[in-house]
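Novice: Pasting in a structure now, in structure tokens, and then I'll have a few things to ask.
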Amino acid sequence: MIRLLILLSVAMLAACSQEGRDSFAFVPEAVDYGTQVPVFVASGRDREGNGYFEYGRAAGISLSRYTVSVPPVRPLGMVTLASEGYINPRLQYVVSDIAQFDGDAAFETELASALGQSSSKTAVIFVPGFNISFREALYRQAQMMVDLQIPGVPVLFSWPSANNVLGYGFDRESILYSRNPLEKLIRQADAAGAEEVVVIGHSLGALLTMEVLRQMAIRDGGTPSVDFGGIILVSPDIDIELFRRLAEESGGLPEPFAIFVSKNDPALRISALLAGTRDRLGTNTDPALLGNLPVSVIDVSDFAFDNENLHFTAANSPALIRILTRAAMAERETPGSAGPVLGSVMGQGMETAVLISPRALAQ
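Under numbering that gives the first Met the number 0, read the sequence shown as residues 0 to 362, first letter to last.
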């Protein structure tokens, strides 16, 4: 009964945001206004007749490139959307260009060209989480690349979420359904000339990321053959014991390996209740529970005050974004200097705990 009440309450809160979540404004003229972010896309979703991706599972993978125009006037960390009857690319995210690729060869050629023109030669693959539409994932990756100043070529893996808060079971099974396509995308990025591949997994996308790391290690005889530049799990919706097992079976975790956690994540609290456990990996702030793995647990619990989506604080909080970009700049100038900028750093074994405080902005 308690679980049913939880589901009903969440459904009532989310019901008003379901309509039109897959549609987006296509405005070629936006190239004159916003920051243009070309995002390569591999999607396992079905397409509707109007060209929009829907929630169904496709038999194959659609390959494309969407150029997102990030508006010049907007709150830091926020994705502002166009509404029917009012589109302003100065204020709202829109799509300015779409290229569909007919097969793997065309996709890999264009990806190789983009990597060749990138100063970092890094493929940044984003694996979104539970109840995230194609549009939300596309815009979120563009927002992260711009606001967090992430170097590299953005690549979105859009797995078939139900786009419904009551579709948690469907989404978890879609994770299993999507393991081979994500592994193929990672290998394509590597073969296209990426000097390193960085994977950002959010929520259930973090579980898919871990499943694929394990699968690649098994397929490659113990350790994935791809050159990973790092793995970042944001608000991971994974059982802690399952994470340890997947890490052990992955042949050694890629480094650096960062996990953004928060005790104030309501979505993960509900997930833990439904699973009958106290915590998920994304709410665990005690790195000792991770079994001496070479990971950095980054606690962003203190940033619940300035962002609306507590399930994605790492990309939503303006204060946290400013601290993270400052730390990245310090690290580029002087390797090893990011830690003091972020906050208190505590090492226990191979794992490291980083507690970030808003007070770091005053330093």
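For each residue, glycine too, the CB sits at the ideal point set by N, CA and C. A quick note: this is a predicted structure, and the numbers were derived from the prediction, not measured.
Which ranges does the beta strand (DSSP E) cover as unbroken runs of at least 3 residues, wholly within the region 139-221, from first to last along the chain?
Specialist: Listed in chain order, the complete beta strand (DSSP E) runs (minimum 3 residues) inside the region 139-221 are 152-157, 195-201.
Novice: Pull up the distance between the alpha-carbon of residue 282 and that of residue 202, whole angstroms please.
Specialist: Distance between the alpha carbons of residue 282 and residue 202: 11 Å.
Novice: From residue 138 to residue 310, what does the alpha carbon distance come to, in whole angstroms?
Specialist: The alpha-carbon atoms of residue 138 and residue 310 are separated by roughly 16 Å.
Novice: Could you give the residue range of the beta strand (DSSP E) that holds residue 47?
Specialist: Here residue 47 belongs to no beta strand (DSSP E), and DSSP marks it neither H nor E.
Novice: Starting from residue 64, trace the beta strand (DSSP E) in both directions and tell me its first and last residue.
Specialist: Note, residue 64: beta strand (DSSP E), 52-69.
Novice: Please report the distance separating the alpha-carbon of residue 307 from that of residue 299.
Specialist: One C-alpha to the other measures close to 14 Å.
Novice: With a threshold of 8 Å, are at least 3 pairs of Cβ atoms found where one atom belongs to the region 289-296 and the other to the region 254-266?
Specialist: Yes, the region 289-296 is in contact with the region 254-266.
Novice: Given a threshold of 16 other Cβ atoms within 10 Å of its Cβ, counted over all protein chains shown, does residue 91 qualify as buried or as exposed?
Specialist: Answer is buried; the Cβ neighbour count reaches 16.
Novice: In whole angstroms, what is the alpha-carbon distance linking residue 243 and residue 304?
Specialist: Approximately 31 Å between the Cα atoms of the pair.
Novice: Do residue 193 and residue 232 have their CB atoms nearer than 8 Å?
Specialist: Result no, Cβ atoms of residue 193 and residue 232 do not sit closer than 8 Å.
Novice: Let me know if residue 164 comes out buried or exposed under the rule of 16 or more other beta-carbons within 10 Å of its beta-carbon.
Specialist: Counting Cβ neighbours within 10 Å, residue 164 comes out buried, since at least 16 surround it.
Novice: What separation, rounded to the nearest whole angstrom, lies between the Cα atoms of residue 364 and residue 239?
Specialist: Given that the chain is displayed from residue 0 to residue 362, the structure contains no residue 364 and the question cannot be resolved.
Novice: What is the rounded straight-line gap between the Cα of residue 288 and the Cα of residue 278?
Specialist: For residue 288 and residue 278, the distance between alpha carbons rounds to 11 Å.
Novice: Taking Cβ to Cβ, would you say residue 365 is nearer than 8 Å to residue 33?
Specialist: As displayed, the chain neither begins before 0 nor continues past 362, which places residue 365 out of reach and without an answer.
Novice: Have a look at the DSSP bridge pairing and note the partners of residue 257.
Specialist: In the DSSP output, where bridge partners are listed per residue, residue 257 has 231, 295.
Novice: Rounded to whole angstroms, how far is the Cβ of residue 122 from the Cβ of residue 188, which I believe are closer than 8 Å?
Specialist: About 4 Å separates the two Cβ atoms, so the contact holds.
Novice: From which residue to which residue does the alpha helix (DSSP H) around residue 314 run?
Specialist: Counting along the chain, the alpha helix (DSSP H) containing residue 314 begins and ends at 312-315.
Novice: Starting from the C-beta of residue 200, find all residues in its chain whose C-beta is less than 6 Å away, skip the five residues before and the five after it, and write them out in chain order.
Specialist: If we look at residue 200 and ignore the five residues flanking it on each side, its Cβ neighbours are 126, 208, 232.
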